[in-house]
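*Asks:* What follows is a single structure, and I will ask about it in a moment.
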Amino acid sequence: MLRQALDRPHAIVYDHVDIAQCQTILPKRLRSPHALWVHGVEVWKRLPQRKLAAIEQAELLIFNSEFTRRRFESFHSVNVDQVVVPLTFEMPACDIDPLSPRRPWILTVGRMEPDRPKGHAETLAVLPQVIERVPDLQWHVVGAGKHLDSFRKQVLQSGCQEHVVIHGFLTNEKLLELYRQSRVFCMPSHGEGFGIVYLEAMSQGCVPIGSTEDAAAEVIGDGGVCVDLAQPDHLAVELEALLTMGSERFDSMSMCAIARSELFSPARFAVRFDDALQRLS
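Residue 1 is where the sequence shown starts when you use UniProt numbering, and the numbers rise one by one after that.
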């Protein structure tokens, strides 16, 4: 026991509240100061006492976005130091000409779970309208999940099946090809705590569409568009605009997307994260 006490780390950073709750089991004399990463849905609800204790006893809460922090505060009132540290991503640099012609493709990447809607339903709802303006468009849907079979049926019912390619799971190499061939990355989600996938798409010059309902705006910034899901026509208008705009204007937006993604590089993340850890006593 004494050896354990002497070997205690200066501080511990937990990357999930499910793991951090183990801290509450230790005798107080064996505990180290701890910080906790807060990502999103795992804390956007009432929590069991042990998880709540892990949060309340933390020296520092690290949020991946301001949206996640605000949503957290709507459920929990705690007197703990807080900081926002945007996440980073790993993606090969765009080694092709980012201004090379792209196809009139829409790309969506995300797990298809009924309790975590990524905007598939909203995109499918406006697809017939967009097809009228862009008859050669294709919507590439990547990702598996419990909602996949139901989504296949919805596509058939919509009559748009000739314009929708459902890939399921793809290797990173195949996904990279789609990022580089598609004009638009469309994921108007309902509750992204951050949204690393936006950065992946942007880093390859694919212009993103997110929603105003979550953290997408913090990630996308001036590198794309965020739509109000309460106004379905907004999504249709933005899809049509991005798919039909001239190459010079689109190339400018594509370059903005790449530039925006570079603000979230691993090097920049390391600096922000190190600054946050300085707040631990």
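Beta carbons are placed, not taken as given, at the ideal position from N, Cα and C, and that holds for glycine.
1) Let me check understanding here. Comparing Cα to Cα, which of His-34, Val-85, Pro-104, Ile-12 lies closest to Gly-246?
2) Apart from the five residues on each side of it in sequence, which residues of its chain come closer than 6 Å, Cβ to Cβ, to Leu-127?
3) Hey, would you say Met-112 sits closer than 7 Å to Glu-200, going by beta carbons?
4) Could you tell me whether the Cβ atoms of Val-142 and Val-109 are closer together than 7 Å?
5) Using a Cβ-Cβ cutoff of less than 7 Å, which residues in the same chain neighbour Phe-151 once the five nearest sequence positions on both sides are dropped?
6) Of the residues Pro-48, Lys-51, Gln-57, which one's Cα is nearest the Cα of Lys-28?
7) Over what stretch of residues does the beta strand (DSSP E) that includes Val-38 continue unbroken?
8) How long is the line joining the alpha carbons of Leu-176 and Val-237, rounded to whole angstroms?
9) Which same chain residues, not among the five before or five after Val-13, have their C-beta less than 6 Å away from its C-beta?
10) Relative to the C-alpha of His-234, which residue among Thr-212, Thr-68, Leu-137 is closest?
11) Mind listing, in chain order, the continuous alpha helix (DSSP H) runs of no fewer than 4 residues lying wholly within the region 134-195?
12) With 16 other CB atoms within 10 Å as the buried threshold, where does Lys-63 fall?
13) Where does Arg-102 land, buried or exposed, given buried means 16+ other C-beta within 10 angstroms?
14) Would you decide whether Cys-226 is buried or exposed? Buried here means 16 or more other CB atoms lie within 10 Å of its CB.
*Replies:* Judging by the given coordinates:
1) Pro-104
2) Cys-160
3) no
4) yes
5) Met-112, His-120
6) Gln-57
7) 34-38
8) 27 Å
9) Ala-35
10) Thr-212
11) 148-158, 172-181
12) Here residue 63 is Phe; the residue named in the question, Lys, does not match the sequence. Looking at its Cβ environment, which holds 16 or more other Cβ atoms inside 10 Å, Phe-63 is buried.
13) buried
14) buried
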